[in-house]
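S.K.:
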Amino acid sequence: MTSFELFQQIPRMEIAPLQTPVHRCGRIETVVPGMPALYVKHDDYIGPLVWGNKLRKLEYVFAEARRLGADTLITCGGLQSNHARTTAHAALRFGFRVILVLNGVPPARPTGNLLIDFKIGAEVHFVSTREERQEKMEKLADDQRALGHKVLVIPLGASDEVGLPGFIRAMGELKQQQQQLGIKFDYIFHPSSSGGTQSGLEVGKRLFEIDPRIIGISADTSERELKEKIVTISTPVMKHLKMDPMFDEDQLSVDDRFIGEGYGIPTAASLEAEKLFSEQEGILVDHFYTAKAASAIIHYAREGFFKPDDRVLFWHTGGTISLFQ
Ligand SMILES: Cc1ncc(COP(=O)(O)O)c(C=O)c1O
Numbered sequence: 073m074t075s076f077e078l079f080q081q082i083p084r085m086e087i088a089p090l091q092t093p094v095h096r097c098g099r100i101e102t103v104v105p106g107m108p109a110l111y112v113k114h115d116d117y118i119g120p121l122v123w124g125n126k127l128r129k130l131e132y133v134f135a136e137a138r139r140l141g142a143d144t145l146i147t148c149g150g151l152q153s154n155h156a157r158t159t160a161h162a163a164l165r166f167g168f169r170v171i172l173v174l175n176g177v178p179p180a181r182p183t184g185n186l187l188i189d190f191k192i193g194a195e196v197h198f199v200s201t202r203e204e205r206q207e208k209m210e211k212l213a214d215d216q217r218a219l220g221h222k223v224l225v226i227p228l229g230a231s232d233e234v235g236l237p238g239f240i241r242a243m244g245e246l247k248q249q250q251q252q253l254g255i256k257f258d259y260i261f262h263p264s265s266s267g268g269t270q271s272g273l274e275v276g277k278r279l280f281e282i283d284p285r286i287i288g289i290s291a292d293t294s295e296r297e298l299k300e301k302i303v304t305i306s307t308p309v310m311k312h313l314k315m316d317p318m319f320d321e322d323q324l325s326v327d328d329r330f331i332g333e334g335y336g337i338p339t340a341a342s343l344e345a346e347k348l349f350s351e352q353e354g355i356l357v358d359h360f361y362t363a364k365a366a367s368a369i370i371h372y373a374r375e376g377f378f379k380p381d382d383r384v385l386f387w388h389t390g391g392t393i394s395l396f397q
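Each position in the sequence shown, counted from 1, maps to that position plus 72 in my numbering.
(1) Identify, in the order they occur along the chain, each residue of the same chain with its Cβ nearer than 6 Å to the Cβ of residue 346, setting aside the five sequence neighbours on each side.
(2) Quick check on residue 293: buried or exposed, where buried means 16 or more other Cβ atoms within 10 Å of its Cβ?
(3) With a threshold of 7 Å on Cβ separation, who are the neighbours of residue 216 within its own chain once the five nearest residues in sequence on each side are excluded?
(4) In the DSSP assignment, what residue or residues form a beta bridge with residue 109?
(5) Output needed for residue 179: all residues of its chain with C-beta closer than 8 Å, excluding positions within five of it in sequence on either side, in chain order.
(6) Determine whether the beta carbon atoms of residue 75 and residue 314 lie at a separation below 7 Å.
(7) May I have a chain-ordered list of the alpha helix (DSSP H) segments no shorter than 4 residues that lie completely inside the segment 172-247?
(8) I need the DSSP call for residue 324, collapsed to helix, strand or coil.
(9) To test your reading of the DSSP string, which unbroken alpha helix (DSSP H) runs of 4 or more residues are found completely within the segment 272-357?
(10) If we ignore side chains and look at the alpha-carbon of each, how far apart do residue 127 and residue 257 end up?
(11) Which same chain residues, not among the five before or five after residue 93, have their C-beta less than 8 Å away from its C-beta?
(12) At a threshold of 6 Å, does residue 175 count as lining ligand 1 (C-beta to nearest heavy atom)?
(13) Can you check whether the CB of residue 385 is closer than 7 Å to the CB of residue 260?
(14) Closer than 6 Å: is that where the CB of residue 259 sits relative to any heavy atom of ligand 2?
(15) Output yes if chain C places a C-beta closer than 7 Å to the C-beta of residue 105; else output no.
(16) What are the residues that DSSP puts in a beta bridge with residue 118?
(17) Per DSSP, residue 259 forms a beta bridge with which residues?
(18) Do residue 147 and ligand 1 come close, with the Cβ less than 6 Å from some heavy atom?
(19) Determine whether the beta carbon atoms of residue 100 and residue 352 lie at a separation below 7 Å.
(20) Ends of the alpha helix (DSSP H) at residue 140?
(21) Between which two residues does the alpha helix (DSSP H) containing residue 155 stretch?
(22) Taking the C-alpha atoms as reference points, what is the distance between residue 359 and residue 387?
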């Protein structure tokens, strides 16, 4: 069986139409010196509540949960986790119970994703730090198993070999769109954090034989740590798909210079990117993820990184709900 046939056999549950549009950002091109042809891939258009990139992974995670006969899903994130809320939200339709472990101090007045978690009746447990999440998830899983439930614990961001095929498939989608548009992208910029999105794109570009350079703009993690994660998540999937050769950290591009003071804290550059993208193109970006990736594209353009005939794709991964706080 070919790698592609093996990939096609991975069970998937269709949650939403995932052919997200690609649009040209012609106005930004004219106002940012050094900006070549810039396009955006709108994963922020997935679903009415800006579900973003998470749904791509969940199509495979839910299929795995079904295969295992799980009735309860446990996952984690920060208070404003897009992944946690999207998991709880999408799971309702398929009859899974979802328990969330969120780190942070619950505010007196919940907003954004946390407000939705409560509105949809998700069971939420709070812990103080990121480090406590895993242990708490395991404890809750044991409790649920003792009550007779069949549990699947989904890691942060669904960034493991179960969720990763979602972004492999996304690369197949992009290949088709390149053919429809009659162009090839030289670069893809996207926000990167737990490594699942970038792993899927990297494996996908090899599986579907397209060749953009993928540059992950870190939201919170050092370049070295994120590259390690990407290799760790990708390797078992590539082995399963009988893809050879594997890639190593030297073949990956991760840029951690745009984090600023930390996860979700705006920088002068992300504020400028927010203003440019919203006022020039009507594209909303948030300061956890997409504004920082957008600020990187502007920075690369200004420092003369691109050639005039390059084509750059900004993969907008969603998450805009965190703007409404
Ligand atoms: C909107 C958004 N973009 C990008 C990411 C990063 O994706 P990943 O965790 O797969 O690296 C996340 C989640 O972490 C997210 O919510």
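Glycine included, C-beta positions come from ideal geometry on N, C-alpha and C.
M.R.: Let me lay it out:
(1) Working through the sequence shown from its first residue, we reach residue 346 at position 274. The answer, listed in chain order, is 357 and 363.
(2) As a working mapping, residue 293 is identified with position 221 in the sequence shown. By the 10 Å Cβ count, residue 293 comes out buried.
(3) Numbered from its first residue, the sequence shown carries residue 216 at position 144. Excluding residues within five positions, the ones whose Cβ falls inside 7 Å are 144 and 223.
(4) Residue 109 sits at position 37 when you count from the first residue of the sequence shown. BP columns for residue 109 point to 383.
(5) As a first step, residue 179 must be located in the sequence shown, where it is residue number 107. So the list reads 151 and 186, once near-sequence residues are dropped.
(6) Here residue 75 refers to the residue found at position 3 of the sequence shown. Here residue 314 refers to the residue found at position 242 of the sequence shown. Result yes, Cβ atoms of residue 75 and residue 314 sit closer than 7 Å.
(7) 184-191 and 205-218
(8) Position 252 of the sequence shown, counted from the start, is the residue given in the question as residue 324. Three-state DSSP puts residue 324 in coil, outside helix and strand.
(9) 295-312 and 340-353
(10) Numbered from its first residue, the sequence shown carries residue 127 at position 55. Numbered from its first residue, the sequence shown carries residue 257 at position 185. Near 24 Å, if we compare the C-alpha coordinates of residue 257 and residue 127.
(11) Along the sequence shown, read from residue 1 onward, the residue named residue 93 stands at position 21. Correct list, in chain order: 113, 114 and 117.
(12) Here residue 175 refers to the residue found at position 103 when the sequence shown is read from its first residue. Answer for residue 175: no, Cβ out of range of ligand 1.
(13) Working through the sequence shown from its first residue, we reach residue 260 at position 188. Working through the sequence shown from its first residue, we reach residue 385 at position 313. Yes, these two residues count as a Cβ contact at 7 Å.
(14) Only ligand 1 can be found as ligands here, which leaves ligand 2 out of the picture.
(15) Chain labels in this structure do not include chain C; a single protein chain is all it has.
(16) As a working mapping, residue 118 is identified with position 46 in the sequence shown. In the DSSP output, where bridge partners are listed per residue, residue 118 has none listed.
(17) As a first step, residue 259 must be located in the sequence shown, where it is residue number 187. Paired residues: 285 and 384.
(18) Looking up residue 147 in the sequence shown gives position 75. For ligand 1, not one heavy atom lies less than 6 Å from the Cβ of residue 147.
(19) In the sequence shown, residue 100 corresponds to position 28, counting from 1. In the sequence shown, residue 352 corresponds to position 280, counting from 1. Against a cut-off of 7 Å, the Cβ pair of residue 352 and residue 100 comes out as a contact.
(20) In the sequence shown, residue 140 corresponds to position 68, counting from 1. 126-140 is the extent of the alpha helix (DSSP H) around residue 140.
(21) Locating residue 155 in the sequence shown gives position 83, counting from the first residue. Element bounds for residue 155: 154-164.
(22) Within the sequence shown, the letter at position 287 stands for residue 359. Within the sequence shown, the letter at position 315 stands for residue 387. Spanning the two alpha carbons is a distance of roughly 15 Å.
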